[in-house]
Every structure is written in structure tokens, then in C-alpha cells.
């Protein structure tokens, strides 16, 4: 048989069992394409939502427990400690900074400063227990 003869011949019908398998495969293909289409639409909807609801220009809101860095640059906060206080060590916990040191001519002290509220939260004097 030549290629020209194959083109003119009609395809023979499939037996009933193979036709059932073909229909199941077509149905599976349609369901798979539908699910993939829904997934792509969900991803695109999420991207569009993020682009439309971009809140870069919104002011940064800080709470007492968390510290958010603004988009436009670093925070500029001043902790006003006494001039006679010499800092020995510093620790950070969330938005709170602990300054541990000594007062000139005095005993050890600790100051807790909250960056989010920009306030000195506590002053702790450390003394010997007699």
C-alpha cells in the first residue's frame, strides 16, 4: 500500500471496548484541562489582587510587640538616656532594647526602651541584697 491509498481509506471503527476507553480518556482530559484552567485563573487572580492592593504608600503601623521596618528607609528613633550612664551591653527583644550599664559614681542599672512606642519603658536599679 502506498501513502496515497492510506489517505483515501476510511478509518475502521473501533471495537466497543476500545471506544469506551477512548471516551473515558477524553473525559479525563476535559476534567484535567478544567482543573488546570481554574488553577491558572486562581493564581492570576492572586497576582492581580496583590498588584491592585499594594500598600507601599500606607504608613507603617507598629505595635508594642512587633517592629515593622518602613519601606522608604530605616527607622530614626532616639533613646534619651542620662548623660552619666555608661553602657556596658545592649540586648534586643522584639521592639524592646535593654541598655545595661553603670551610672557614674553609682551602681549598675538597666534601661528598657521600646522602639515601637519611642518611650523609655523602665529603669531598673540593681543593688546587692543585704
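Numbering (our numbering), first residue to last: 23 to 152.
Built from N, CA and C at the ideal position, the CB exists for glycine as well.
Values in this document were obtained by computation on a predicted structure and should not be read as measured data.
How would you write the range of the alpha helix (DSSP H) that residue 57 sits in, first residue to last?
Here residue 57 corresponds to residue number 35 of the chain shown, with the count starting at 1. Annotation for residue 57: the continuous alpha helix (DSSP H) segment containing it runs 38-74.
Go through the segment 103-128 residue by residue and report every complete run of the beta strand (DSSP E) that reaches 3 residues or more, in order.
You should have 107-115 and 118-125.
Going by beta carbon distance, what residues of the same chain come within less than 8 Å of residue 128, once the five residues before and after it are set aside?
Within the chain shown, the letter at position 106 stands for residue 128. Once the five neighbours on either side are set aside, the close Cβ partners of residue 128 are 106.
Excluding the 5 residues flanking residue 109 on each side, which residues of the same chain have their C-beta closer than 8 Å to its C-beta?
Walking along the chain shown from the start, residue 109 turns up at place 87. So the qualifying residues of the chain are 103, 121, 122 and 123.
Return the CA-CA distance between residue 86 and residue 111, expressed in angstroms with no decimal places.
Here residue 86 refers to the residue found at position 64 of the chain shown. Here residue 111 refers to the residue found at position 89 of the chain shown. For residue 86, the predicted structure reports a pLDDT of 49, less than 50, and the residue's modelled location is therefore unreliable. The matter cannot be settled from this model.
According to DSSP, is residue 98 helix, strand or coil?
Taking the chain shown and counting its residues from 1, one reaches residue 98 at position 76. In the structure shown, residue 98 sits in coil (DSSP, three-state: anything other than H, G, I, E or B).
Would a C-beta distance cut-off of 7 Å place residue 136 and residue 117 closer than the cut-off?
Translated into the one-based positions of the chain shown, residue 136 becomes position 114. Translated into the one-based positions of the chain shown, residue 117 becomes position 95. Yes. Within cutoff.
Would you call the CB atoms of residue 145 and residue 133 closer than 7 Å?
As a working mapping, residue 145 is identified with position 123 in the chain shown. As a working mapping, residue 133 is identified with position 111 in the chain shown. Their beta carbons are under 7 Å apart, which means residue 145 touches residue 133 by this criterion.
For residue 141, count neighbouring C-beta atoms within 10 Å of its own C-beta (all shown protein chains included) and say buried if the count is 16 or more, exposed if not.
What you label residue 141 is simply residue 119 of the chain shown in a count that begins at 1. Classification of residue 141: exposed, given that the 10 Å Cβ count is below 16.
What is the rounded straight-line gap between the Cα of residue 96 and the Cα of residue 59?
In the chain shown, residue 96 corresponds to position 74, counting from 1. In the chain shown, residue 59 corresponds to position 37, counting from 1. Residue 96 and residue 59 have their alpha carbons spaced roughly 43 Å apart.
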